[in-house]
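Q: Note that the sequence shown covers residues 260 to 544 in this note's numbering.
For glycine and all other residues, C-beta sits at the position ideal for the given N, C-alpha and C.
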Amino acid sequence: MKSDVFPLNYFKSIWSPKQIFKNRHQLNWFQIFVVLLFVNSLLMIPVALNYVKMDTFPVEDTLPGSFGLIDEAVVLKLQAGNYENGTLKLPESFVLSTENGMVSGLLTESETDEALSADNALLFQETEFVIKEGDQSLETIPYTKDFDLSKVTTVAELKEALSRQWFIKNKAYTVATLMSLVFSITLVSTLFLTFGSAIFLYLTKKSKFSSINSYKESVNLLTNCIGLPSFVALLLGLIQFDIIIMLMIQSVGLVMMLLIVFYQTRFNDKTSGKEVKKAFGGKSS
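#1: Select from Leu495, Asp501, Leu480 and Leu494 the residue whose C-alpha is nearest the C-alpha of serine 275.
#2: Would you mind working out which of Leu365, Ile508 and Met507 sits nearest glutamine 384, comparing C-alpha positions?
#3: Rounded to whole angstroms, how far is the Cβ of methionine 303 from the Cβ of methionine 438, which I believe are closer than 8 Å?
#4: Pick out whichever of Lys404, Thr482 and Ile502 has its Cα sitting closest to the Cα of glycine 345.
#5: My output table needs one value for serine 272: the three-state DSSP class, helix, strand or coil.
#6: Measuring CB atoms only, is the segment 284-291 touching the segment 461-480, in the sense that at least three cross pairs come out at less than 8 Å?
#7: When DSSP builds the beta bridges, which residues end up paired with asparagine 379?
#8: If contact is defined by three or more beta carbon pairs under 8 Å, each pair taking one atom from either stretch, is the segment 422-431 in contact with the segment 382-400?
#9: Near leucine 408, which residues of its chain fall below 7 Å by C-beta distance, leaving aside the five closest residues on each side in sequence?
#10: Buried or exposed for serine 469, going by 16 or more other Cβ atoms inside 10 Å?
#11: Report back the beta-carbon spacing between leucine 450 and leucine 335 to the nearest angstrom; my notes put them in contact at under 8 Å.
#12: Taking valine 306 as the reference, which of Val318, Ile390 and Ser443 has the closest Cα?
#13: Taking the alpha carbon of phenylalanine 326 as the reference point, which residue from Glu373, Met361, Leu487 and Thr433 has its own alpha carbon closest?
#14: I need the boundaries of the beta strand (DSSP E) containing lysine 348, first residue and last residue.
#15: Quick one: give me the first and last residue of the beta strand (DSSP E) that tyrosine 342 is part of.
#16: Give me the DSSP bridge partner(s) of glycine 512.
#17: Apart from the five residues on each side of it in sequence, which residues of its chain come closer than 8 Å, Cβ to Cβ, to phenylalanine 490?
#18: Is it right to say threonine 386 is buried, meaning 16 or more other beta carbons lie within 10 angstroms of its own, or is it exposed?
#19: Note the first and the last residue of the continuous beta strand (DSSP E) segment covering proline 401.
#20: DSSP three-state label for valine 362, please.
#21: Locate the beta strand (DSSP E) running through leucine 355, then write down its first and last residues.
#22: Tell me where the alpha helix (DSSP H) around aspartate 330 begins and ends.
#23: Measuring CA to CA, which of Pro266, Ile498 and Lys348 is closest to phenylalanine 406?
#24: Within a Cβ cutoff of 6 Å, which residues of the same chain sit near isoleucine 273, ignoring the five residues on either side of it in sequence?
#25: What does a CB cutoff of less than 6 Å around glutamine 278 pick up in its chain, not counting 5 residues either side in sequence?
#26: Between which two residues does the alpha helix (DSSP H) containing methionine 438 stretch?
Have a look at this one:
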């Protein structure tokens with residue numbers, strides 16, 4: 260009888276506890292790694308959908324020096340501006356200096372160069388604002404057509420409005436960075452969960468009842484166990500996104516699947532259903 264090819268053989272092995280145990284030999288190391296990348300990618304689908312819907316980002320955590328310059332005086336100056344089709348007009352130019360930096364509006368070219376000599380700076384020009392954060396490169400953020408600070412009344416609202424402008428320009432880079440970070444964290448978690456748990460599973464080799472003969476069998480068995488919980492985590496993540504809960508579902512689900520596999524097989528190829536019931540106190544017919 261012809262055996263199924265990879266990855267079809269894997270998907271046929273994750274639904275039944277007995278098949279999970281029986282097919283613990285079928286994957287080579289490369290295929291195991293591919294499967295673990297796949298189940299990790301399942302967790303990334305809700306992450307990607309959640310990040311794509313983002314329309315702002317807490318820039319103050321990234322640029323604390325320049326955004327820390329924003330106070331009530333800055334709010335009042337920008338509140339007095341006229342905003343139309345992505346352009347800013349002020350009654351007069353302004354410069355607000357502190358020991359930490361400078362905030363200015365509609366300066367001349369020479370005044371702009373002087374303002375940029377400060378350690379941190381926020382420069383509001385006619386069609387864009389410039390951010391200087393310490394020794395980092397200058398960042399120029401163009402205003403969107405709907406940019407309007409005339410109705411901003413608090414420091415928090417101004418920071419949120421500027422964060423939105425920053426995020427619109429940097430969305431692709433920011434989302435890619437966040438995705439890479441989360442992917443790395445979830446992959447490390449998945450690999451640690453699988454390869455770490457396999458060590459303890461491999462130790463059952465020393466017992467008389469276990470048919471597990473190698474570390475690779477242990478890893479393959481756990482790889483089979485983690486498939487279904489990862490799909491469940493994906494579905495719940497699509498309903499209500501929370502990466503911590505998704506990782507918890509994956510890890511707890513793996514443990515539960517392993518316990519069910521043990522209950523039905525005792526990790527022994529020769530164990531029958533009747534012997535399992537007898538081992539747990541049941542009566543054989």
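A: The answer reads as follows:
#1: Position 16 of the sequence shown, counted from the start, is the residue given in the question as residue 275. Checked all of Leu495, Asp501, Leu480 and Leu494; the closest Cα to serine 275 is Leu480.
#2: Residue numbering aside, residue 384 sits at position 125 when the sequence shown is read from its first letter. Comparing Cα-Cα distances from glutamine 384 to each of Leu365, Ile508 and Met507, the minimum goes to Leu365.
#3: The residue labelled residue 303 in the question sits at position 44 within the sequence shown. The residue labelled residue 438 in the question sits at position 179 within the sequence shown. A Cβ-Cβ distance of about 7 Å is found for the pair methionine 303 and methionine 438, placing them in contact under the 8 Å criterion.
#4: As a working note, residue 345 is residue 86 in the sequence shown. Nearest option by C-alpha distance: Lys404.
#5: Taking the sequence shown and counting its residues from 1, the one referred to as residue 272 is at position 13. Of the three classes helix, strand and coil, the one that applies to serine 272 here is coil, per DSSP.
#6: Contact between the segment 284-291 and the segment 461-480 is present, with at least three C-beta pairs closer than 8 Å.
#7: Counted from its first residue, the sequence shown places residue 379 at position 120. DSSP output for asparagine 379 lists Glu392 as bridge partner(s).
#8: Result yes; three or more Cβ-Cβ pairs closer than 8 Å.
#9: Here residue 408 refers to the residue found at position 149 when the sequence shown is read from its first residue. Take leucine 408, set aside five residues on each side of it, and the residues of its chain with a beta-carbon closer than 7 Å to its own are Leu337, Gln338, Gly340, Tyr342, Leu417 and Ala420, in chain order.
#10: Here residue 469 corresponds to residue number 210 of the sequence shown, with the count starting at 1. With 16 or more other Cβ atoms within 10 Å, it is buried.
#11: Translated into positions along the sequence shown, residue 450 becomes position 191. Translated into positions along the sequence shown, residue 335 becomes position 76. The pair is not a contact, with the Cβ atoms about 53 Å apart (cut-off 8 Å).
#12: Here residue 306 refers to the residue found at position 47 when the sequence shown is read from its first residue. It is Ser443.
#13: Within the sequence shown, numbered from 1, the residue matching residue 326 stands at position 67. Ranking Glu373, Met361, Leu487 and Thr433 by Cα distance to phenylalanine 326 puts Met361 first.
#14: Reading the sequence shown from its first residue, position 89 is the one you call residue 348. It spans 346-348 - the beta strand (DSSP E) in which lysine 348 sits, taken as one unbroken run.
#15: Locating residue 342 in the sequence shown gives position 83, where the first residue counts as 1. 341-343 is the extent of the beta strand (DSSP E) around tyrosine 342.
#16: The sequence position of residue 512 within the sequence shown is 253, counting from 1. The partner list for glycine 512 (beta bridge, DSSP) is empty, contrary to what the question assumes.
#17: Reading the sequence shown from its first residue, position 231 is the one you call residue 490. Excluding residues within five positions, the ones whose Cβ falls inside 8 Å are Leu301.
#18: Your numbering for residue 386 matches position 127 in the sequence shown. Exposed, because fewer than 16 other Cβ atoms sit within 10 Å of the Cβ of threonine 386.
#19: In the sequence shown, residue 401 corresponds to position 142, counting from 1. Here the beta strand (DSSP E) through proline 401 covers 398-401.
#20: Counted from its first residue, the sequence shown places residue 362 at position 103. In the three-state reduction of the DSSP assignment, valine 362 falls in the strand class.
#21: Counted from its first residue, the sequence shown places residue 355 at position 96. Secondary structure note for leucine 355: its beta strand (DSSP E) is the uninterrupted segment 353-357.
#22: As a position in the sequence shown, residue 330 is number 71, starting the count at 1. Per DSSP, aspartate 330 belongs to no alpha helix (DSSP H) and is neither H nor E.
#23: By one-based count along the sequence shown, residue 406 stands at place 147. Considering only Pro266, Ile498 and Lys348, the residue with the shortest C-alpha distance to phenylalanine 406 is Lys348.
#24: If you number the sequence shown from 1, residue 273 lands on position 14. Sequence-distant partners of isoleucine 273 (beyond 5 residues in either direction) whose C-beta falls short of 6 Å from its own C-beta, in its chain, are Asn483, Gly486 and Leu487.
#25: Taking the sequence shown and counting its residues from 1, the one referred to as residue 278 is at position 19. The residues Ser272, in chain order, have a CB closer than 6 Å to that of glutamine 278 in the same chain once the five nearest residues on each side in sequence are set aside.
#26: Locating residue 438 in the sequence shown gives position 179, counting from the first residue. In the DSSP annotation of this structure, the continuous segment of the alpha helix (DSSP H) that includes methionine 438 starts and ends at 414-461.
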